[in-house]
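Read through the structure below, which is laid out as structure tokens, and then see the notes.
Right under this line is the structure:
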């Protein structure tokens, strides 16, 4: 589809998604649905967000078809998002839900299809929240199995990209561990009252785009979502938001939408009023400065506008607290997947809070171990214009710190949990001197100063291969013999964004190849002679 770089983002699936979308939750009256979508398209929206559970897809489809027939838009101009409902989480039911959506939308495929929630309910007629004797009819379906069915939708051409909604960090990690196609998007509640910075950092490190629903704090949400005195004031009426609006001569809604755009987050505001629909598009002609962003983020209360009463603890489904979006399956289901000896000394709830609900966000101060999905992802390139940004500089700083703390001679960003094409190389003299002189000569060991490469590429200078024993801090305690090219040249950008290259041979060339493998999701165990794989302390352990 045609897109403007400043107003769209490239997903990890390769497709472009407009940053501004039109949300359709709570719009159910047929004539209002159609008129609202038509008004949105007329105002310039090319991203429409809907879902099976919104029960409005038939009218949305009619509106889109009408605009196509009138020649106002082409199908390829539009980015259509829908969601798999929780009563269709069984793998065999996934196509049924999407086929109904496609039929209602009058489309051959959707641009993005999301798992709406990471839990499942039994199918009971057309009920969205089926109950029996007042209790929710839950279903023990693992969303990891559902994801496999989602992946098949891509191969069948029914969905161009797939993603999730309301997933937290631990759920994303678990999904990534087995996913052949990583989620392109995680759609969650985000606004200055619910900043979710840890989730934002994690998704960026995994190249997963965030879409903010309720970006304005959902002031017009249904009464069942209100919590009386626990509700803060209307976000649109917050004095801080109003003051920033006066500063930029923009409405509170425009300020809040721009806040998300500044964070690199897509937004899907909803309105049925043509003037508000148009107003919400006027967010690409101004920017918020650092002080504005700081003031807005200072409003963070960890407060959610949207909590489904049907999915609270009384129905054996626990909501995640502030810091991680999403919902957890029944605790007895989750516990089976979270075994730890620590639970013998701590209550399960303590363990859950510490290990699952509030995991640390990358970049980590430790090295990821084999089994972490980040080590098997193909790292994403860094935008050269962002190399000097605080975010990328922070990754580089952590990379150097961890590398030196662990006495590594090379380390890649994925090893500290960040799926970006950045590596650090350094072989200090004191580490070389620790090796026996005979080994230094045999391996061609030579010290070299700190070198940072961003978006590196490698060229083989000497194709002769030499086999030596290698180890990796991400597979701690093990080593094996691995063949590597004798001489290579690495090129890329340094920490200042300047072009750099380095041609070398021997052990430094081996280090380069080892770290370049990490950027492609490859570990030394994938290249080793399996007969040489051993625990470094095998002799000590066998005594």
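Numbering (full-length UniProt numbering), first residue to last: 1 to 543.
Each residue gets a CB set at the ideal place from its N, CA and C atoms; glycine is no exception.
Remember, predicted model here, so these are calculated numbers, not experimental data.
Whether residue i touches residue j by CB criterion (9 Å)
i, j, result
"residue 73", "residue 64", "yes"
"residue 184", "residue 163", "yes"
"residue 413", "residue 427", "no"
"residue 197", "residue 361", "yes"
"residue 104", "residue 157", "no"
"residue 486", "residue 509", "yes"
"residue 421", "residue 454", "yes"
"residue 36", "residue 50", "no"
"residue 299", "residue 161", "no"
"residue 490", "residue 458", "yes"
"residue 135", "residue 113", "no"
"residue 478", "residue 534", "yes"
"residue 101", "residue 120", "no"
"residue 210", "residue 302", "no"
"residue 473", "residue 411", "yes"
"residue 257", "residue 217", "no"
"residue 440", "residue 466", "no"
"residue 388", "residue 497", "yes"
"residue 40", "residue 22", "yes"
"residue 516", "residue 456", "yes"
"residue 532", "residue 480", "yes"
"residue 523", "residue 460", "no"
"residue 78", "residue 111", "yes"
"residue 115", "residue 143", "yes"
N-terminal and C-terminal residue of the beta strand (DSSP E) that residue i is part of
i, result
"residue 490", "478-493"
"residue 469", "448-471"
"residue 140", "Neither: residue 140 is in no beta strand (DSSP E) and is coded neither H nor E."
"residue 500", "499-505"
"residue 424", "422-427"
Inter-residue Cα distance where the pair is residue i and residue j
i, j, result
"residue 406", "residue 81", "45 Å"
"residue 33", "residue 187", "22 Å"
"residue 386", "residue 125", "51 Å"
"residue 348", "residue 70", "At residue 348 the pLDDT is 42, less than 50, meaning the model places this residue with poor confidence; the figure from the coordinates comes in the next sentence. Their backbone Cα atoms lie some 59 Å apart in a straight line."
"residue 297", "residue 190", "11 Å"
"residue 528", "residue 463", "18 Å"
"residue 88", "residue 165", "15 Å"
"residue 378", "residue 154", "19 Å"
"residue 395", "residue 418", "8 Å"
"residue 66", "residue 268", "22 Å"
"residue 178", "residue 98", "23 Å"
"residue 376", "residue 520", "7 Å"
"residue 215", "residue 236", "10 Å"
"residue 500", "residue 488", "14 Å"
"residue 16", "residue 383", "16 Å"
"residue 106", "residue 62", "8 Å"
"residue 401", "residue 363", "11 Å"
"residue 9", "residue 212", "14 Å"
"residue 199", "residue 365", "17 Å"
"residue 252", "residue 239", "10 Å"
"residue 175", "residue 56", "29 Å"
"residue 351", "residue 430", "Only weak support exists for where residue 351 lies, its pLDDT of 44 falling under 50; the coordinates are left without a value."
"residue 147", "residue 295", "39 Å"
"residue 122", "residue 54", "18 Å"
"residue 503", "residue 171", "42 Å"
Run of the alpha helix (DSSP H) containing residue i, from where it starts to where it stops
i, result
"residue 172", "169-176"
"residue 442", "437-443"
"residue 112", "It is not in any alpha helix (DSSP H) - residue 112 instead sits in the beta strand (DSSP E) that spans 110-115."
"residue 522", "Looking at the DSSP string, residue 522 is not in any alpha helix (DSSP H), and its letter there is neither H nor E."
"residue 80", "From DSSP, residue 80 is part of no alpha helix (DSSP H) but of the beta strand (DSSP E) over 79-84."
"residue 242", "239-248"
"residue 262", "252-262"
"residue 529", "Element bounds for residue 529: n/a, residue is neither H nor E."
"residue 362", "Element bounds for residue 362: n/a, residue is neither H nor E."
"residue 104", "94-105"
"residue 292", "290-297"
"residue 274", "274-279"
Cβ-Cβ separation, residue j to residue i (assumed contact under 8 Å), whole Å
i, j, result
"residue 151", "residue 181", "5 Å"
"residue 47", "residue 18", "4 Å"
"residue 547", "residue 367", "No answer is possible for residue 547: it lies beyond the span of the chain, which begins at 1 and ends at 543."
"residue 276", "residue 254", "Going by Cβ atoms, the distance from residue 276 to residue 254 rounds to 10 Å, so no, they are not a contact pair."
"residue 423", "residue 272", "About 51 Å; that fails the 8 Å criterion."
"residue 286", "residue 248", "5 Å"
Neighbour flag for residue i against chain B, beta carbons, 9 Å
i, result
"residue 453", "Chain labels in this structure do not include chain B; a single protein chain is all it has."
Exercise. Counting only runs of 3+ residues fully inside the stretch 391-422, write out the beta strand (DSSP E) ranges in chain order.
Key: Complete beta strand (DSSP E) runs here, min 3: 410-412.
Quiz item: Whole beta strand (DSSP E) runs in the stretch 154-220 with 3 or more residues, listed along the chain?
Solution: Within the stretch 154-220, the runs of beta strand (DSSP E) at least 3 residues long that lie entirely inside it are, in chain order, 159-165, 185-189, 209-213.
Exercise. Could I get the ranges of all uninterrupted beta strand (DSSP E) runs contained in the stretch 11-61, with 3 residues as the minimum, in chain order?
Key: The stretch 11-61 contains these whole beta strand (DSSP E) runs: 16-18, 47-49.
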